[in-house]
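Chemist:
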């Protein structure tokens, strides 16, 4: 079977083409989805890409969250469809309340762009099963509002339930609480990640290919389903 | 016809690095004695009709679901002017 992974384009998305390319390199078929179209064309999974949807007006992801395509994505994510939100996509997932917490201005106030080391702390989600538990990977990170915050109770619950998917190593680039780089929902089908695995899928254009695992994980999960 | 103002502020426990940067710049410009700055957003909503209780309830709903992210922000709603 061919696995079809939708990639949503919002006005202001930047990394939708790179996400499509990562999906293709992983062996799946990328399907371009449009923010104004409620129809997600029976895709098996959805990636919400990085960028500055709606110019980050109001708050990052706040307006995208109410776009027609998100009505369908939110409903199907609640029914178990795998969804990966990268960077701005992570912000959209938090604004949609599919994931807890929020992403706020970096504590340094600077936009940060670097190759970032991460530890995969939950290799059991739909998007991380091709990694080893506690595997260390390096992928690009680029954000101005990537500081993950949540109240202590929520942070404790995320840790206790193993929902911290990835944590920053060596450097905390944005002041995220407890060095959190990515989290999942309770079911593990929805993952939000601030760094960009889709930029680390080919040696020519990234720091390596250690980001590809997010996309091969979903392929393997869907083929075995 | 009325104007309703919605003020949105980061919750006290959420770090406001922009406010801190403003606070640090003030003494350099000669404005002394300001110990803290918090930066927020102000929305001015012009209504077609009067700001009655039902309308204000809808505006509070809009503030809670859209204008503010209540995970990190608090908001207040007030009627600024009731035109004659």
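Residue numbers (our numbering), protein chains in the order written: chain S, 749 to 973; chain V, 1472 to 1555.
Note that beta-carbon positions come from the ideal geometry of N, C-alpha and C, so glycine has one too.
List the DSSP bridge partners of residue 888 of chain S.
Modeler: Residue 888 of chain S sits at position 140 when you count from the first residue of the first chain. S:863, per the DSSP bridge assignment.
Chemist: Taking the alpha carbon of residue 808 of chain S as the reference point, which residue from V:1517, V:1538, V:1493 has its own alpha carbon closest?
Modeler: The residue labelled residue 808 of chain S in the question sits at position 60 within the first chain. Here the closest residue by C-alpha is V:1538.
Chemist: Select from the stretch 832 to 864 of chain S all residues with a C-beta closer than 8 Å to any C-beta belonging to chain V, and list them in chain order.
Modeler: Those would be 842, 843, 848, 849, 850, 852, 853, 854, 855, 856, 857, in chain order.
Chemist: Assign residue 964 of chain S to one of two classes, buried (16 or more other C-beta atoms within 10 Å of its C-beta) or exposed (fewer than that).
Modeler: For the purposes of this step, residue 964 of chain S is taken as the residue at position 216 of the first chain. Flag for residue 964 of chain S reads buried.
Chemist: Return the residue from the list V:1550, V:1519, V:1520 that minimises the CA-CA distance to residue 1531 of chain V.
Modeler: Along the second chain, read from residue 1 onward, the residue named residue 1531 of chain V stands at position 60. Out of V:1550, V:1519, V:1520, V:1550 has the C-alpha closest to the C-alpha of residue 1531 of chain V.
Chemist: Helix, strand or coil: which one does DSSP assign to residue 778 of chain S?
Modeler: Looking up residue 778 of chain S in the first chain gives position 30. Residue 778 of chain S: strand per DSSP, three-state reduction.
Chemist: How should residue 1487 of chain V be labelled, buried or exposed, when 16 other C-beta atoms within 10 angstroms of its C-beta is the threshold for buried?
Modeler: Mapped onto the second chain, residue 1487 of chain V falls at position 16. Buried.
Chemist: Give me the subset of the stretch 1480 to 1505 of chain V whose CB atoms are less than 7 Å from a CB atom of chain S, sorted by chain position.
Modeler: Residues 1485, 1486, 1488, 1489, 1492.
Chemist: What three-state label does DSSP hand residue 812 of chain S in the structure shown?
Modeler: Locating residue 812 of chain S in the first chain gives position 64, where the first residue counts as 1. Reduced to three states, the DSSP call for residue 812 of chain S is helix.
Chemist: With distances taken from CA atoms, which of S:888, S:936, S:892, S:900 is nearest residue 958 of chain S?
Modeler: As a working note, residue 958 of chain S is residue 210 in the first chain. The residue with the shortest Cα to Cα distance from residue 958 of chain S is S:888.
Chemist: In the DSSP assignment, what are the bridge partners of residue 1480 of chain V?
Modeler: Counting from 1 along the second chain, the entry for residue 1480 of chain V is found at position 9. According to DSSP, residue 1480 of chain V bridges with V:1511, V:1545.
Chemist: Output, in sequence order along the chain, the residues in the stretch 779 to 811 of chain S whose CB is closer than 8 Å to any CB in chain V.
Modeler: Listed by position along the chain: 806, 807, 810.
Chemist: Where residue 783 of chain S and residue 758 of chain S are concerned, what is the direct C-alpha to C-alpha distance, given to the nearest angstrom?
Modeler: Position 35 of the first chain, counted from the start, is the residue given in the question as residue 783 of chain S. Position 10 of the first chain, counted from the start, is the residue given in the question as residue 758 of chain S. Cα to Cα, the separation comes out at about 5 Å.
Chemist: Residue 878 of chain S: buried (16+ other C-beta within 10 angstroms of its C-beta) or exposed?
Modeler: Walking along the first chain from the start, residue 878 of chain S turns up at place 130. When all chains shown are included, residue 878 of chain S counts as buried.
Chemist: Answer yes if the stretch 843 to 859 of chain S comes into contact with the stretch 815 to 826 of chain S, meaning at least three C-beta pairs across the two stretches below 8 Å, and no otherwise.
Modeler: Yes: the two stretches touch, three or more of their Cβ pairs being nearer than 8 Å.
Chemist: What are the residues in the stretch 1528 to 1555 of chain V lying within 8 Å of chain S by C-beta distance?
Modeler: Hits within the stretch, in order: 1537, 1538, 1540, 1542, 1543.
Chemist: Please confirm if the stretch 938 to 951 of chain S is in contact with the stretch 868 to 876 of chain S, defined as three or more CB-CB distances below 8 Å between the two stretches.
Modeler: Segments in contact, yes.
Chemist: Relative to the alpha-carbon of residue 943 of chain S, which residue among S:893, S:970, S:900 has its alpha-carbon at the smallest distance?
Modeler: One-based indexing of the first chain puts residue 943 of chain S at position 195. The shortest Cα separation from residue 943 of chain S among S:893, S:970, S:900 belongs to S:893.
Chemist: Report the start-end ranges of each beta strand (DSSP E) in the stretch 898 to 964 of chain S that is 3 residues or longer and not cut off at the edges.
Modeler: You should have 912 to 916, 928 to 932, 938 to 941.
Chemist: State the DSSP-derived secondary structure class of residue 1530 of chain V, mapped to helix, strand or coil.
Modeler: Taking the second chain and counting its residues from 1, one reaches residue 1530 of chain V at position 59. DSSP places residue 1530 of chain V in helix when its eight states are reduced to three.
Chemist: Write down the C-beta distance between residue 962 of chain S and residue 928 of chain S rounded to the nearest angstrom, noting that I regard them as a contact closer than 8 Å.
Modeler: For the purposes of this step, residue 962 of chain S is identified with residue 214 of the first chain, where counting begins at 1. For the purposes of this step, residue 928 of chain S is identified with residue 180 of the first chain, where counting begins at 1. The pair is not a contact, with the Cβ atoms about 17 Å apart (cut-off 8 Å).
Chemist: Scan the stretch 876 to 897 of chain S for residues whose Cβ lies nearer than 9 Å to a Cβ of chain V and list them as they occur along the chain.
Modeler: If the cut-off is 9 Å between Cβ atoms, the stretch 876 to 897 of chain S has 895, 897 near chain V.
Chemist: With C-beta atoms as the reference, is residue 1476 of chain V less than 7 Å away from residue 1494 of chain V?
Modeler: Walking along the second chain from the start, residue 1476 of chain V turns up at place 5. Walking along the second chain from the start, residue 1494 of chain V turns up at place 23. It is not a contact, given that the beta carbons lie outside the stated cut-off.
Chemist: Kindly indicate which three-state DSSP category residue 1500 of chain V falls into: helix, strand or coil?
Modeler: Numbered from 1 along the second chain, position 29 holds the residue referred to as residue 1500 of chain V. Of the three classes helix, strand and coil, the one that applies to residue 1500 of chain V here is coil, per DSSP.
Chemist: Does the beta-carbon distance from residue 801 of chain S to residue 761 of chain S come in below 7 Å?
Modeler: Counted from its first residue, the first chain places residue 801 of chain S at position 53. Counted from its first residue, the first chain places residue 761 of chain S at position 13. Yes, they are a contact pair.
Chemist: Excluding five sequence neighbours on each side, which residues of the same chain lie with their C-beta closer than 6 Å to the C-beta of residue 1545 of chain V?
Modeler: Position 74 of the second chain, counting from 1, holds the residue named residue 1545 of chain V. If we look at residue 1545 of chain V and ignore the five residues flanking it on each side, its Cβ neighbours are 1480, 1482.
Chemist: Could you work out which residue in V:1501, V:1510, V:1506 is closest to residue 853 of chain S when comparing CA atoms only?
Modeler: Here residue 853 of chain S refers to the residue found at position 105 of the first chain. Cα-wise, what sits closest to residue 853 of chain S is V:1510.
Chemist: Suppose the cutoff is 8 Å on Cβ atoms and the five residues either side in sequence are ignored; what does the same chain contact list for residue 773 of chain S look like?
Modeler: Start at 1 with the first residue of the first chain, and residue 773 of chain S comes out as number 25. Cβ within range, chain order: 949, 950, 960, 963.
Chemist: Near residue 1516 of chain V, what residues of its chain come up, given a Cβ to Cβ distance below 8 Å and the 5 sequence neighbours on each side ignored?
Modeler: Taking the second chain and counting its residues from 1, the one referred to as residue 1516 of chain V is at position 45. Closer than 8 Å at Cβ, skipping near neighbours: 1474, 1475, 1476, 1477, 1530.
Chemist: Which residues in the same chain have their Cβ closer than 8 Å to the Cβ of residue 799 of chain S, if we skip the five residues on either side of it in sequence?
Modeler: Within the first chain, residue 799 of chain S is the residue found at index 51, counting from 1. Correct list, in chain order: 758, 760, 761, 762, 763, 764, 835, 836.
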